[in-house]
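There are 2 protein chains.
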Amino acid sequence: MRVPRHVVEARRSRLTELLLERGYLPISELCEELGVSEATARRDLSALESEDRITRTYGGALGEFNATFTSFRERLRHGTEAKGGIARAAAALVKPGMKVYLDAGTTAFAIAQELRRHLPERLTIITNNLALLETLGSLPGAKTIVLGGQLLERQSVLLGNEAVKAAAAQEIDLAFLSAQGMTDTGLWNSQRDIIRLQHAVMKRACRSCFCLDRSKLGRTAPEHLGAWTKVGTLISDLSLPELRQAGITLKPGTLLPTHS
Amino acid sequence: MRVPRHVVEARRSRLTELLLERGYLPISELCEELGVSEATARRDLSALESEDRITRTYGGALGEFNATFTSFRERLRHGTEAKGGIARAAAALVKPGMKVYLDAGTTAFAIAQELRRHLPERLTIITNNLALLETLGSLPGAKTIVLGGQLLERQSVLLGNEAVKAAAAQEIDLAFLSAQGMTDTGLWNSQRDIIRLQHAVMKRACRSCFCLDRSKLGRTAPEHLGAWTKVGTLISDLSLPELRQAGITLKPGTLLPTHS
DNA sequence: TCATAAATGATTGACTTCAATCATATCCAA
DNA sequence: TTGGATATGATTGAAGTCAATCATTTATGA
């Protein structure tokens, strides 16, 4: 029997809420919870999936909550070859007892996963990258510090004055930073707030390593992060000749290549 | 053909890694990723499930990642009747443009969900409760600030000196706080670091509301949070006579009852 | 070295999920 | 008020999932 449109919408909202709260629900529980037949529950799931509000699985569904996280991890899987090499080279620099800063972005995520594999003792990890916390929270014997700041809706990162101020009070042995582009004039990033935080971190770090794969070469972004003279270490799958061809000359010892 | 034990363990570790990265995977993809038959994949899933390292679903499996979150949300669902009332009463105090602090714990989660339903304009939410961020990140027009601090593994909350320092720099209109127990001598909480942060928040807040349901009455915890004279507002499903019977007398106007 | 235990893949049958179809009831707009 | 559109539940057959069983292969320990 047909039912008013707003009732359908309300039920579907409730369904997404339920999935958001519970993470995963099998069809049978959805029917019970919503008081509808399986056929209707499936129809709701189809509708919501085509609006990208949930993710269907065989036998049930996942809340968008999971979708955001998996999409983030999905993004990570793409540049895997290059990013994996960069992450391994970066993680090899980390020694027991160090205080390590990890930037926003998927490269930092790859480094964190690498650290989980080969975990040095008494590590302190400092970051504002919320996507890392699920990974890092379960590291035994490691200490994780979040700088704080304002939550950026789309990206899962904290920025702003609070973040800059907190960074200025830290001691950092090794900072892994990323950027959106590199040209002959230096490094580029998308947002002024990200760059402000990166500057604050660089000022407090004994060593700053920028991690950029070859897809960033020749690209710019709205904001200029800094000239090459300010870069202490560049970890990349690019070679010195490739960089020189793009007009980038580095001081010797600056480039840390990835061996894959 | 039998295979060495360490190979099996390695594959199962890899399986949990995969699920942690992807959130959900159907059996077919698991077989492909791991290079084993369905039968073996299922056996691995059974083994890992009995060790509580993953969650099986019909047709696939979820990473423990989801399990932690759902368990948190599961916990929330239990005290629902009381907590829901408290959350509604609390959310009713929030007016447009306010800066609101939300504490650790499931009560704050309930308040955040309530705020999502009826969202005042230009809200600023300040918190160290990471479990809230997924909920709050999607609130349109609201600003979310995280204080920062050290990540506590079990609880998804940030504490320590960084948190206290950051709290001291905030302006807060309304703070919603919780505690683990209440007796005639005042409020109790489990950890010194939590209490230090709560004190710092109370010092900066125009109004501090403690949210405790009746299950907390008469219970103590390792650390004393403060005497009743310091409590500005108590939101609870308890009545004044019930409190008096437990030896607790409040200044008039302190108790904000829940009407369910 | 040998016997036992363990891991694997294939197969089977019971059970579940799913999309499509259909009849029915009710809404919504003309 | 009326006719078409739409939501719903039941049914059905195809496809998928799952646990149990069995034969085979190989690690492991005595």
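So the sequence lines, in the order shown, correspond to chains A and B.
The first sequence begins at 78 in this note's numbering and counts up one residue at a time.
The second sequence begins at 78 in this note's numbering and counts up one residue at a time.
The beta carbon of each residue, even a glycine, is placed where N, CA and C say it ideally should be.
Because the structure is a prediction, the values reported are computed rather than measured.
By the 7 angstroms beta-carbon criterion, what residues does the region 228 to 245 of chain A contribute toward chain B? When C-beta distances to chain B are compared with 7 angstroms, the residues of the region 228 to 245 of chain A below that value are LEU228, GLU230, LEU235, GLU239, ALA243, in chain order.
Of all Cβ atoms in chain A, is any one closer than 8 angstroms to the Cβ of LYS220 of chain B? Walking along the second sequence from the start, residue 220 of chain B turns up at place 143. Answer yes: the Cβ-Cβ gap between LYS220 of chain B and chain A drops below 8 angstroms somewhere.
Which of helix, strand or coil DSSP assigns to ARG133 of chain A: Position 56 of the first sequence, counted from the first residue, corresponds to residue 133 of chain A. Looking at ARG133 of chain A - three-state DSSP - the assignment turns out to be strand.
Taking Cβ-Cβ distances shorter than 8 angstroms, what residues in chain A pair up with TYR135 of chain B? Against the second sequence, residue 135 of chain B aligns to sequence position 58. The contacting residues are PRO103, TYR135, GLY136, GLY137.
Touch test, the region 261 to 280 of chain A against the region 297 to 307 of chain A, Cβ-Cβ under 8 angstroms, three pairs minimum: The region 261 to 280 of chain A makes contact with the region 297 to 307 of chain A: 3 or more CB pairs, one atom from each, lie closer than 8 angstroms.
Examine chain A for any beta-carbon lying closer than 8 angstroms to the beta-carbon of VAL177 of chain B, and answer yes or no. What you label residue 177 of chain B is simply residue 100 of the second sequence in a count that begins at 1. It does not; no Cβ of chain A falls within 8 angstroms.
Is the region 192 to 199 of chain A touching the region 193 to 208 of chain B in the sense that three or more CB pairs, one from each, lie closer than 8 angstroms? Output reads no: the region 192 to 199 of chain A does not touch the region 193 to 208 of chain B.
Under the rule that 16 or more other beta-carbon atoms within 10 Å means buried, what is ALA87 of chain B, buried or exposed? By 1-based counting over the second sequence, the position of residue 87 of chain B is 10. Per the 10 Å Cβ criterion, exposed.
For a contact defined as C-beta to C-beta under 8 angstroms, what are the partners of VAL84 of chain A on chain B? The count along the first sequence starts at 1 and reaches residue 84 of chain A at position 7. The CB of VAL84 of chain A never comes closer than 8 angstroms to any CB in chain B; the least such distance is about 18 angstroms.
I want to know whether the region 246 to 261 of chain A touches the region 273 to 283 of chain A - three or more CB-CB distances under 8 angstroms. Short answer: they touch.
Where do the N-terminal and C-terminal ends of the beta strand (DSSP E) with HIS195 of chain B fall, by residue? Your numbering for residue 195 of chain B matches position 118 in the second sequence. Unbroken run through HIS195 of chain B: none, as it is neither H nor E.
Need the endpoints of the beta strand (DSSP E) that ASP386 of chain B sits in, please. Residue 386 of chain B is absent from the model: chain B starts at 78 and stops at 337.
I'd like to know if the region 156 to 171 of chain A and the region 231 to 243 of chain A are in contact, where contact means that at least 3 CB-CB pairs between them fall below 8 angstroms. With a cut-off of 8 angstroms, the region 231 to 243 of chain A and the region 156 to 171 of chain A do not count as touching, because too few Cβ pairs lie within range.
What are the uninterrupted segments assigned as beta strand (DSSP E) that are 3 or more residues long and contained completely in the region 265 to 298 of chain A, given in chain order? Segments of the beta strand (DSSP E) lying fully in the region 265 to 298 of chain A: 282 to 288.
Might you give, ordered along the chain, the residues of its own chain that have their beta carbon closer than 8 angstroms to the beta carbon of GLU248 of chain B, omitting 5 neighbours on each side? The sequence position of residue 248 of chain B within the second sequence is 171, counting from 1. So the list reads LYS176, ARG281, once near-sequence residues are dropped.
Rounded to the nearest angstrom, how far is the Cβ of GLU141 of chain A from that of ALA168 of chain A, given a contact under 8 angstroms? On the first sequence, position 64 is the one that residue 141 of chain A refers to. On the first sequence, position 91 is the one that residue 168 of chain A refers to. Wrong, their Cβ atoms sit about 32 angstroms apart, outside the cutoff.
Measuring only between beta-carbons, confirm whether VAL223 of chain A sits less than 8 angstroms from chain B. Taking the first residue of the first sequence as 1, we reach residue 223 of chain A at position 146. Chain B contact via Cβ: present.
Could you tell me whether any Cβ in chain A is nearer than 8 angstroms to the Cβ of GLY295 of chain B? If you number the second sequence from 1, residue 295 of chain B lands on position 218. Taking Cβ atoms only, chain A never reaches closer than 8 angstroms to GLY295 of chain B, which makes this a no.
Less than 8 angstroms between the beta carbons of GLY309 of chain A and VAL223 of chain B, yes or no? For the purposes of this step, residue 309 of chain A is taken as the residue at position 232 of the first sequence. For the purposes of this step, residue 223 of chain B is taken as the residue at position 146 of the second sequence. Not in contact: GLY309 of chain A and VAL223 of chain B (Cβ atoms no closer than 8 angstroms).
Assigned secondary structure, ALA208 of chain A (DSSP; H/G/I helix, E/B strand, else coil): Counting from one through the first sequence, the residue named residue 208 of chain A turns up at place 131. Residue state, collapsed to three classes: helix.
Excluding the five sequence neighbours on either side, which residues of its own chain have a C-beta within less than 7 angstroms of the C-beta of ALA138 of chain B, listed in chain order? Within the second sequence, residue 138 of chain B is the residue found at index 61, counting from 1. Same-chain partners within the cutoff: LEU96, LEU102, LEU122, ILE131, THR132.
Report yes or no: is there a C-beta of chain A within less than 8 angstroms of the C-beta of GLY226 of chain B? Against the second sequence, residue 226 of chain B aligns to sequence position 149. For GLY226 of chain B, the answer is yes, since a Cβ of chain A falls inside 8 angstroms of its Cβ.
What is the DSSP secondary structure of SER316 of chain A, reduced to helix, strand or coil? Taking the first residue of the first sequence as position 1, residue 316 of chain A is located at position 239. Three-state result, SER316 of chain A: coil.
Once you ignore the five residues that flank LEU302 of chain B on each side, which residues in its own chain have a CB closer than 7 angstroms to its CB? Translated into the one-based positions of the second sequence, residue 302 of chain B becomes position 225. Excluding positions up to five away in sequence, the list reads ALA256, GLY263, LEU264, TRP265, ASN266, ILE272, GLN275.
Beta-carbon proximity of LEU184 of chain A to CYS288 of chain A, cut-off 8 angstroms: The residue labelled residue 184 of chain A in the question sits at position 107 within the first sequence. The residue labelled residue 288 of chain A in the question sits at position 211 within the first sequence. It is Thr, not Leu, that sits at residue 184 of chain A in the sequence shown. For the 8 angstroms CB-CB criterion, THR184 of chain A and CYS288 of chain A form a contact.
LYS328 of chain B: buried (16+ other C-beta within 10 angstroms of its C-beta) or exposed? Looking up residue 328 of chain B in the second sequence gives position 251. Exposed.
For LYS293 of chain B and PRO217 of chain A, what's the separation of their Cα atoms in angstroms? By 1-based counting over the second sequence, the position of residue 293 of chain B is 216. By 1-based counting over the first sequence, the position of residue 217 of chain A is 140. Rounded to whole angstroms, LYS293 of chain B to PRO217 of chain A spans 32 angstroms at the Cα level.
Unbroken beta strand (DSSP E) runs of length 3 or more, entirely within the region 164 to 192 of chain A: which are they? Counting only runs of 3 or more, we get 176 to 179.
Give me whichever residues DSSP pairs with ILE203 of chain A in a beta bridge. Taking the first residue of the first sequence as position 1, residue 203 of chain A is located at position 126. Looking at the DSSP assignment, ILE203 of chain A forms a beta bridge with A:TYR178, A:ILE222.
Only counting the same chain, and skipping five residues up and downstream in sequence, which positions put a Cβ closer than 6 angstroms to that of THR204 of chain B? The sequence position of residue 204 of chain B within the second sequence is 127, counting from 1. Answer for THR204 of chain B: LEU179, listed in chain order.
Contact set for ALA166 of chain A: own chain, Cβ-Cβ below 8 angstroms, skip 5 residues either direction: Here the question's residue 166 of chain A lines up with position 89 in the first sequence. If we look at ALA166 of chain A and ignore the five residues flanking it on each side, its Cβ neighbours are ILE312, LEU333, PRO334, THR335, HIS336.
Using the beta-carbon count (16 or more within 10 Å), is ASN238 of chain B buried or exposed? The residue you call residue 238 of chain B lines up with position 161 of the second sequence. Exposed is the call here.
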